[in-house]
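Below you'll find the structure, written out as structure tokens, and then a few comments.
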Ligand code: COI
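In the numbering used here, the protein residues as written are 2 to 356.
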């Protein structure tokens, strides 16, 4: 049953819509007119409010800054040719957000309430959804601790917010990733499965070392042996080996449960392609590249969508992957997801939420 949520809307007096250069939208730098804010205090969620986008007051001792109780999600909304506003699988993000809150000792937003808050925020900003192909309204829900206290304990107060950005692709070209065998993104029993801010902060230094060598991102391996592939910095990772879709399984609590990755797996199965979700060794990727059975590799993420991987750096060399034009599965799945999100094909899986 939908937990009732009251959402007051205070519209902006000065829309920024006309100031946007829709032909040149950098990822994540243009913010829409409004944001949703909902506080948690005295053990309960307070009424939500949609207000003009802008800075928020912050106490210097705010616990999220010091101790990292901070989680987020990434989602996308699009418009169909007939003007329907569609959000891609918000129920999956609601579930992951709840799981992240639980792991980080933060209050849970019931999943149906999360979806309703997102729906309402997108409804208010529907004019901000780009119509250009490959563009979307990126939705960023997040929750952080706001206690003004520097003792270590779970905060008693929190702020949940949603802001939105019209965006194009996160990557404008096929990506090069480097297999990381020293630094660790996540360890068993840690917070790797949670979409928590610190996971991203901790990855910046190793990622910079990779970027200095010409790679866009790292391909993380397990923290214990560095023999198993886990995920990339901004996306899950998927391979096509010998006609099978192969991707690291989510059984380990070190891998983020990606919504785009899950959708790719579901589609591959629906199309009759063999799928293996299991532990994937670095050595089998090297060997499959050597013997020509590694025909495709791509990242899957909300921001990244389907990002073709051109090169995989391994130790002192590079595994060069087949030309993008030959990648039938990733091309097909990318086109299918784009068509689904923009209502060009029927939503047979029941994934889209119509606002
Ligand atoms: C997303 O894909 O939504 C993420 O949160 C990843 C980030 C690189 C933008």
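Positions of the beta carbon are idealized from the N, C-alpha and C atoms, including for glycine.
- In the three-state reduction of the DSSP assignment, residue 51 falls in the strand class.
- Taking 3 residues as the shortest admissible run, the segment 165 to 234 contains the following complete beta strand (DSSP E) segments, listed from N- to C-terminal end: 176 to 180, 218 to 222 and 230 to 233.
- Collapsing the DSSP output to three states places residue 89 in a strand.
- Using a 10 angstroms sphere on the CB of residue 59, the tally of other CB atoms stays under 16, which defines it as exposed.
- Distances from the CB of residue 44 to the heavy atoms of the ligand COI are all 6 Å or more.
- Taking C-beta separations shorter than 8 Å and ignoring five residues to either side along the sequence, the partners of residue 203 in its chain run 186, following chain order.
- Residue 229 and residue 139 have their C-alpha atoms some 31 Å from each other.
- Here residue 106 is exposed, its C-beta having fewer than 16 other C-beta atoms within 10 Å.
- Approximately 6 Å separates the beta-carbon atoms of residue 196 and residue 257; this is inside 8 Å, confirming the contact.
- Residue 266 is positioned such that its CB atom lies no closer than 7 Å to that of residue 281.
- Residue 233 sits buried, since 16 or more C-beta atoms from the chains shown fall within 10 Å of its C-beta.
- With 16 or more other CB atoms across the displayed protein chains lying within 10 angstroms of its CB, residue 115 is buried.
- By the neighbour-count definition (other C-beta atoms within 10 Å, threshold 16), residue 83 is an exposed residue.
- The alpha-carbon separation between residue 216 and residue 6 amounts to approximately 45 Å.
- Taking a C-beta distance under 7 Å as the contact criterion, residue 320 and residue 290 qualify as a contact pair.
- Two segments are said to touch when three or more pairs of C-beta atoms, one from each, lie closer than 8 Å; by this definition the segment 21 to 39 touches the segment 156 to 169.
- For residue 60, the three-state secondary structure derived from DSSP is coil.
- Residue nearest to residue 142 within the set 353, 23, 235 and 198 is 198 (criterion: CA-CA distance).
- Residue state for residue 291 is assigned as helix, using DSSP reduced to three classes.
- Straight through space, the alpha carbons of residue 72 and residue 25 are spaced by roughly 29 Å.
- Rounded to the nearest angstrom, the gap between the Cα atoms of residue 61 and residue 241 is 49 Å.
- Just measuring C-alpha positions, the residue of 285, 176, 354 and 27 sitting nearest residue 212 is 176.
- The beta carbon of residue 128 is closer than 7 Å to those of 18 in its chain, skipping five residues each way along the sequence.
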